[in-house]
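Listed in order, the protein sequences are those of chains A and B.
The first sequence maps to residues 0 to 221 in numbering that gives the first Met the number 0.
The second sequence maps to residues 0 to 230 in numbering that gives the first Met the number 0.
All residues carry an ideal CB built from backbone N, CA and C; glycine is no exception.
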Amino acid sequence: MKTTLNILWKDVLIEWRTRSRTVALLSFAYTILLLFAFAIGPDSAALRQHAGAYLWLGLLLSSTLLLDSSMRIEFEAGAISKLLLAPVSAPGLFYGKAIANTIQLWIIGAVSVPMVFVVCDATVVESSGWLALTLALGAAGLAAPGTLYSAMIARLSGKQLLLPLMLFPLVVPVIVSAVKATSLVMMGDPMNQIGSWLALLLCFNLVYWGLCGVLFGRVVEA
Amino acid sequence: MKANWEIGVGLFGLILLIWAHYTGLFVAPPEAMMGDVGRILYAHVPTAWVGLSTYLVAFIAAVGAIWSGKWAWDAMVEASVEVGLLLNALLLIQGSLWAKPTWGVYWTWDPRLTTCAIMVVAFGVVLALRRQIEEPMRRLTMSSIATIIAFVNVPIVYLSVKWWRTLHQPYSSPETVDSAMVTPLRVAAFGMLFLATGFVVRRWRQVHRQLKAEVQAPDLPDAPSPLAVED
Chain A
0 MKTTLNILWK
10 DVLIEWRTRS
20 RTVALLSFAY
30 TILLLFAFAI
40 GPDSAALRQH
50 AGAYLWLGLL
60 LSSTLLLDSS
70 MRIEFEAGAI
80 SKLLLAPVSA
90 PGLFYGKAIA
100 NTIQLWIIGA
110 VSVPMVFVVC
120 DATVVESSGW
130 LALTLALGAA
140 GLAAPGTLYS
150 AMIARLSGKQ
160 LLLPLMLFPL
170 VVPVIVSAVK
180 ATSLVMMGDP
190 MNQIGSWLAL
200 LLCFNLVYWG
210 LCGVLFGRVV
220 EA
Chain B
0 MKANWEIGVG
10 LFGLILLIWA
20 HYTGLFVAPP
30 EAMMGDVGRI
40 LYAHVPTAWV
50 GLSTYLVAFI
60 AAVGAIWSGK
70 WAWDAMVEAS
80 VEVGLLLNAL
90 LLIQGSLWAK
100 PTWGVYWTWD
110 PRLTTCAIMV
120 VAFGVVLALR
130 RQIEEPMRRL
140 TMSSIATIIA
150 FVNVPIVYLS
160 VKWWRTLHQP
170 YSSPETVDSA
180 MVTPLRVAAF
190 GMLFLATGFV
200 VRRWRQVHRQ
210 LKAEVQAPDL
220 PDAPSPLAVE
230 D
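Dropping the structure here:
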């Protein structure tokens, strides 16, 4: 637990000292939102209806950049080997990095929501607490397998292609349930379906946070 | 002959499949609701059963490889993922062919179809990853982990017809179809199982041999030092 908190603090500190990466990721997410809006055209009803989808596709695409750069700093100059020799436990390292990635994705999501409101003319109909919970669970669902995969391919030549290729099919359940839950929060939920979509997100998180934590040790040893 | 028993098993499976498909197409009665279109059952259902079973073999082999670090398990991961990918790609094609006359479209975003398509891509990535890693032991570890993670999709595909409202039929089994259809369905399932076993074992032999040769190959000599420049 202490290891996890130390790794988390290290990543947060690095991020705080080099804020340019977060700013670049936010700009990237904003650009994607604008591109979706330009691609759809001035149909405000369509933009409002699909606002949840644009938000999560923007987050998904931003997540590949975030995950890649987050793991690159560990593999540059053999930092990860020194961390393991310290010794830092592999599960502690995984959970520290995955929580740091979750927090960063959550921040990008939280900043993107007002942008979505402006660009897509969307509003929150249900409680905004549901939206915050959806963002937290969705960000965690992207971060856990993403952290493991980015470590697996960190030393490969074709990693820019492999990370999205590996991550995107795996996180389809996250995207489907997060988009559904976000759309219900923004458009209204007369049938009380938000809870069941969030339950699916929670199950995905339980499975992958457990499985990836167990397997991460093998990845860094190799 | 002993070393090639898988060829016999595969051929036996092929004979069973030919008999089952002949019986399914020309002898068994048409399906009550779908008519002759329903005869794809004899190809589609065995492909699904054996395709998912092949991924189960890949998962067991991946756990074995990561646990023991033996090349035989690693070869089995590659062989079973390759054959599983082939069978599941066939499954999607057969499903699309059946969907056009039944649902009016080749593809719809139904939970069973979507989860199955995701599963095919997830296991395809395992093979892409294997081709990217040159060092054998790292390849063994990384592809085994990718296989274990991809396998999480298999129970989701199987249970998708139960978890979500879906256009797809619920589970098919010999108990859910007419007795006249059971025999060709069972024979087709065993035929597909034997054929897939033949393919997997054959491919396993080839990959195992390649891996052993790769590991035992001597290292290349060091590059000669650059020529000294004479003054």
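Among the residues of chain B, those whose CB is under 7 Å from the CB of residue 157 of chain A are 131, following chain order. Going by DSSP, residue 102 of chain A is part of the alpha helix (DSSP H) stretching over 89–119. Remark: C-beta atoms of residue 207 of chain B and residue 98 of chain B do not approach each other more closely than 7 Å.
Remark: C-beta atoms of residue 46 of chain A and residue 119 of chain A approach each other more closely than 7 Å. When the five nearest sequence neighbours on each side are left out, the beta carbons in the same chain lying within less than 7 Å of the beta carbon of residue 80 of chain B are those of 57, 122, 125, 126, 146, in order along the chain. If you ignore the 5 residues before and after residue 64 of chain B, its C-beta comes within less than 7 Å of the C-beta of 72, 73, 76, 139, 143, all in its own chain and listed in chain order. Near chain A, meaning a CB-to-CB distance below 8 Å, the residues of the segment 41–68 of chain B are 65.
Rounded to whole angstroms, the gap between the alpha carbons of residue 157 of chain A and residue 132 of chain B is 10 Å.
No Cβ of chain B is located within less than 7 Å of the beta carbon of residue 200 of chain A. Leaving aside the five residues that flank residue 203 of chain A on each side, the residues in its chain whose CB is nearer than 8 Å to its CB run, in chain order, 140, 172, 173, 176. No residue range can be given for residue 33 of chain B, since it is assigned to no alpha helix (DSSP H) and is classified by DSSP as neither H nor E. Contact with chain A is found for residue 120 of chain B, since one of that chain's Cβ atoms lies less than 7 Å from the residue's Cβ.
For the options A:178, A:111, A:77, A:99, the alpha carbon positioned closest to that of residue 146 of chain A is the one of A:99. Interface with chain A (7 Å Cβ-Cβ cutoff): residue 117 of chain B is included. Here DSSP, grouped into helix, strand and coil, assigns residue 197 of chain B to helix. The C-beta of residue 92 of chain B comes no closer than 7 Å to any C-beta of chain A. By the neighbour-count criterion, in which a residue is buried when 16 or more other Cβ atoms sit within 10 angstroms of its Cβ, residue 209 of chain A is exposed. Per DSSP, the continuous alpha helix (DSSP H) segment holding residue 168 of chain A begins and ends at 158–169.
Proximity of the segment 36–43 of chain B to the segment 206–221 of chain B falls short of the contact definition, fewer than three beta-carbon pairs being nearer than 8 Å. In the DSSP annotation of this structure, the continuous segment of the alpha helix (DSSP H) that includes residue 22 of chain A starts and ends at 19–39.
Unbroken alpha helix (DSSP H) stretches of 4 residues or longer found wholly inside the segment 46–83 of chain B: none. Between the segment 9–26 of chain B and the segment 175–190 of chain A there are fewer than three C-beta pairs closer than 8 Å, too few to call the two in contact. Contiguous alpha helix (DSSP H) elements confined to the segment 123–192 of chain B occur at 135–150, 152–162, taking only those with 4 or more residues.
For residue 147 of chain B, the neighbours in chain A by C-beta distance under 8 Å run, in chain order, 210, 214. A Cβ-Cβ contact shorter than 7 Å links residue 2 of chain A with residue 88 of chain A. Its chain contains 199, 202, 203, 206 as the residues whose beta carbon lies nearer than 7 Å to that of residue 78 of chain B, once the 5 sequence neighbours on both sides are disregarded; these appear in chain order.
Here DSSP, grouped into helix, strand and coil, assigns residue 100 of chain B to helix. Counting along the chain, no alpha helix (DSSP H) covers residue 190 of chain A, and no H or E run does either. Taken atom to atom, the span from the alpha-carbon of residue 196 of chain A to that of residue 38 of chain A is near 28 Å. Check the Cα spacing between residue 52 of chain B and each of B:84, B:221, B:107, B:168: the tightest is with B:84.
In the structure shown, residue 105 of chain B adopts coil according to DSSP, grouped into three states. Contact between the segment 131–139 of chain A and the segment 99–113 of chain A is present, with at least three C-beta pairs closer than 8 Å.
Residues of the same chain with a CB within less than 8 Å of the CB of residue 106 of chain B, apart from the 5 flanking positions on each side, are 95, 98, 112 in chain order. Taking a Cβ-Cβ cut-off of 8 Å, the neighbours of residue 136 of chain B in chain A comprise 221, given in sequence order. One alpha carbon belongs to residue 148 of chain A, the other to residue 60 of chain A, and they sit about 15 Å apart.
Shortest Cα-Cα distance from residue 170 of chain A to any of B:168, B:152, B:5 involves B:152.
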